[in-house]
Amino acid sequence: MCGIVGAVANRNITQILVEGLKRLEYRGYDSAGVGLINRDSDKLELCKSIGKVADLDEKLCESGLKGNIGIAHTRWATHGKPTEENAHPHRSNDIVVVHNGIIENYQLLRDELKKHGYEFITQTDSETIAHLIHFEFQKTDSLLQALKAAAKQLKGAYALACFTENNPDLLCIARKDSPLVIGIGIEENYVASDPMALRQVTDRFVHLEDGEFAEITTADFSIFDSESNPVEREIELAKDNVESIDKGTYRHYMIKEIFEQPKALKNTLLGRTGDGCILEESFGAEAPAIFDQVKQVQIVACGTSYHAGTVAKYWLEDWAGVPCSVEVASEFRYRNPVVQDNTLFVTISQSGQTADTLAALEEAKEKNYLATLSICNVAASPLVRQSDLALITQAGAEIGVASTKAFTTQLIALQLLVIALGRRGKMTAEKEKELVSNLMDLPVFCAAVLQLNNTILEVSNHFTEKHHSLFLGRGVQYPIALEGALKIKEISYIHAEAYPSGELKHGPLALVDSDMPVIAVAPSGDLLEKLKSNLEEVAARGGKLYVFADENAGFRNDDQVIVINVPHCPESIAPIIYTIPLQLLAYHVAVNKGTDVDQPRNLAKSVTVE
Ligand code: G6P
Numbered sequence: 001m002c003g004i005v006g007a008v009a010n011r012n013i014t015q016i017l018v019e020g021l022k023r024l025e026y027r028g029y030d031s032a033g034v035g036l037i038n039r040d041s042d043k044l045e046l047c048k049s050i051g052k053v054a055d056l057d058e059k060l061c062e063s064g065l066k067g068n069i070g071i072a073h074t075r076w077a078t079h080g081k082p083t084e085e086n087a088h089p090h091r092s093n094d095i096v097v098v099h100n101g102i103i104e105n106y107q108l109l110r111d112e113l114k115k116h117g118y119e120f121i122t123q124t125d126s127e128t129i130a131h132l133i134h135f136e137f138q139k140t141d142s143l144l145q146a147l148k149a150a151a152k153q154l155k156g157a158y159a160l161a162c163f164t165e166n167n168p169d170l171l172c173i174a175r176k177d178s179p180l181v182i183g184i185g186i187e188e189n190y191v192a193s194d195p196m197a198l199r200q201v202t203d204r205f206v207h208l209e210d211g212e213f214a215e216i217t218t219a220d221f222s223i224f225d226s227e228s229n230p231v232e233r234e235i236e237l238a239k240d241n242v243e244s245i246d247k248g249t250y251r252h253y254m255i256k257e258i259f260e261q262p263k264a265l266k267n268t269l270l271g272r273t274g275d276g277c278i279l280e281e282s283f284g285a286e287a288p289a290i291f292d293q294v295k296q297v298q299i300v301a302c303g304t305s306y307h308a309g310t311v312a313k314y315w316l317e318d319w320a321g322v323p324c325s326v327e328v329a330s331e332f333r334y335r336n337p338v339v340q341d342n343t344l345f346v347t348i349s350q351s352g353q354t355a356d357t358l359a360a361l362e363e364a365k366e367k368n369y370l371a372t373l374s375i376c377n378v379a380a381s382p383l384v385r386q387s388d389l390a391l392i393t394q395a396g397a398e399i400g401v402a403s404t405k406a407f408t409t410q411l412i413a414l415q416l417l418v419i420a421l422g423r424r425g426k427m428t429a430e431k432e433k434e435l436v437s438n439l440m441d442l443p444v445f446c447a448a449v450l451q452l453n454n455t456i457l458e459v460s461n462h463f464t465e466k467h468h469s470l471f472l473g474r475g476v477q478y479p480i481a482l483e484g485a486l487k488i489k490e491i492s493y494i495h496a497e498a499y500p501s502g503e504l505k506h507g508p509l510a511l512v513d514s515d516m517p518v519i520a521v522a523p524s525g526d527l528l529e530k531l532k533s534n535l536e537e538v539a540a541r542g543g544k545l546y547v548f549a550d551e552n553a554g555f556r557n558d559d560q561v562i563v564i565n566v567p568h569c570p571e572s573i574a575p576i577i578y579t580i581p582l583q584l585l586a587y588h589v590a591v592n593k594g595t596d597v598d599q600p601r602n603l604a605k606s607v608t609v610e
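In the UniProt record's numbering, the protein residues as written are 1 to 610.
Put into structure tokens, the structure is as follows:
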């Protein structure tokens, strides 16, 4: 989704901005642009392009545009089509602005500004902000004051960065419900919506909080709260390594990330267990005292992360005896849930920036939840910063829009949470040891299941011409079927639905014919025989089955059934293991179909707007 990068320096910053945008590309966007002033000429120049950042880069190179101060943006269209005109930055006379978020009252403001003579050339909500700042700038000589006055009138979410031709050494920024960070350099400073965009130039960051504003110059930066009081904030050192964001020898980020899973799982477990038990302080120093009081858990998340939460519900109730509700954040945030005493509120997110999840957390903080905990892949994200407890998954940067290694590492993190809560209740020490031992073996099982890649590549050819598909699972494998269906939808654009297989006879069986591939996940376990009966019902109606089955489950290939044998694994880690072949299937189907695997149409990696 939209991304912001800005810089103010004594050298030419064009390539800093372009590299920053490239680092944000994975979030999904449809156009990009940059606004620059070169102090030698003091002339404000804009350059925009639809499509990829590489197209913008080419345009910039051709034009030879250079600057010492500038802001750049990747846009994911909300108001108005992806066109050059609608791309950011937006300009109002000598003011130039980029905006992440959505302004809800833009139409009203637009009408007002028109009365003052402003002409609108785009359909965006963001252009309104440029004119509004310009309007306010006429009443004061200070860009920061103008930005504050404008921000006061905005309803909605925003991260804003702006500058003016009159002062080519000053960037002003503001945030509300959309992240912004200041990057500190040597005699130059930067701004971005995600620190990752600036990791090639700095490892020192200052996060802006909601309602705050800042002035940034080459020499310094100053932060102010909404009442204009100066804010002192320490500079944080980014602890993560500067990760390579190239694809290495892989064709796509997604396949690279699928194959990185053994390492990601291992890293997520590192330091979180000892002597065959989990170390619950991994969730934070306060965790043991909080966990002692937990009587139930409310999980809230979106997309793939929501599926991870759904798996955790099965584990929590089965192994720990702790009641658990799971809900998508976009629903939860507008509901008035009944909060039982001693409920732990858990958010799950790869990015830690998803607008609905953040809003749900904010809502939860107003209610009488016991405490908030986030399971997140980005330590410096707003979600982690705003939660009482956190467990950071160590998946490493995930660039492909379709989440893979983030999901499997979330499942590990959730299993650690289940054990922490379970050991206070019905989980025996033996059970904990067994679960932890299975987790330690997970990277090896994961590497083994990745060996199925070529088999799955062959099977994927059966799907290229299909328009629909049905995914089935039982028990804890039902959310895995949901996740498999989501992966196919996201990147191959094949319609996919997932059902708990016991529900087949209540509707979806009517869809089954020879054109409808039915994909089933069938690890060993109590529900295997029940699943087999459900699959018989599909075969009897002429459906073609693709069964990802435990190698010992006794499935046989025939005209109607293609069996993909999955190495036998302990039941407690089966949801993680069976996710992987479904990821591979979605990947190969998408490659066969020639879709944009890493940046599928209409989707974004981090959904920072509602
Ligand atoms: C977007 C992404 C999904 C992701 C979801 C939630 O829709 O395309 O891959 O699962 O957001 O994101 P989060 O970062 O909160 O896990």
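Here a beta-carbon is modelled for each residue, glycine too, at the ideal position from N, C-alpha and C.
These numbers come from a predicted model, not from an experiment.
In its chain, beyond the 5 residues on either side, R333 have a beta carbon closer than 6 Å to the beta carbon of A359. L603 has its CB nearer than 7 Å to a heavy atom of ligand 1.
About 28 Å separates the beta carbons of T14 and H79, which is beyond the 8 Å limit, so they are not a contact pair.
Cβ atoms of R199 and I235 stay farther apart than 8 Å, at about 15 Å. Q350 has its CB nearer than 7 Å to a heavy atom of ligand 1.
Annotation: S282 is outside any alpha helix (DSSP H) and is labelled neither H nor E by DSSP. Between K593 and T455, the C-beta spacing is not below 8 Å. Counting along the chain, L472 sits inside the beta strand (DSSP E) bounded by residues 468-473.
In the structure shown, the three-state DSSP call for D55 is helix. In the DSSP annotation of this structure, I399 is not part of any beta strand (DSSP E), being labelled neither H nor E. Distance from N534 to L582 at the Cβ level is roughly 18 Å; contact not present, criterion being Cβ atoms closer than 8 Å. When secondary structure is reduced to three states using DSSP, H134 falls in the helix class. Assignment of D111 by DSSP, reduced to helix, strand and coil, places it in the helix class. Annotation for A395 indicates a beta carbon at 7 Å or more from all heavy atoms of ligand 1. Proximity to A72 across V378, K152, H90 peaks at H90, based on C-alpha coordinates. With fewer than 16 other beta carbons inside 10 angstroms of its own, Q107 counts as exposed. Cβ atoms of L414 and V311 come within 8 Å of each other, at about 7 Å.
Leaving aside the five residues that flank Y587 on each side, the residues in its chain whose CB is nearer than 6 Å to its CB run, in chain order, M254, I255.
The residues T14, L36, E45, C47, in chain order, have a CB closer than 7 Å to that of L65 in the same chain once the five nearest residues on each side in sequence are set aside. Annotation for S606 indicates a beta carbon within 7 Å of some heavy atom of ligand 1. Taking every protein chain shown into account, the CB of D526 has fewer than 16 other CB atoms within 10 angstroms, so this residue is exposed. Closest by C-alpha distance to I69, out of N12, G51, K114, is N12.
L170 sits away from V191, with the two beta carbons spaced by 8 Å or more. When T393, G185, Q296 are compared, the shortest CA-CA separation from G422 is found for Q296. Annotated three-state conformation of C302 is coil, per DSSP.
With distances taken between CA atoms, A448 lies nearest to E551 out of E551, S63, S282.
For A540, the closest alpha carbon among the candidates T249, S126, V518, A320 is that of V518. Exclusion of the five residues before and after V294 leaves V322, N342, T343, L344, L370, L421, R424 as the residues of its chain whose Cβ lies within less than 8 Å of its Cβ. Looking at W315, L416, A395, V563, the one whose alpha-carbon comes closest to that of P575 is W315. Per DSSP, N454 is not a residue of any beta strand (DSSP E); the alpha helix (DSSP H) it occupies stretches across 453-460. Taken in chain order, the complete beta strand (DSSP E) segments of 3 or more residues contained in the region 3-35 are 3-8. In terms of CA proximity to S193, T74 leads the group T249, P262, T74.
The residue among L584, T128, C162 with its C-alpha nearest the C-alpha of K155 is T128. For L450, the closest C-alpha among the options C162, K22, P382, P262 is that of P262. Counted as a single uninterrupted DSSP element, the alpha helix (DSSP H) harbouring G422 occupies residues 405-422. Of the candidates A157, K115, Y118, the residue whose Cα lies closest to the Cα of I103 is A157.
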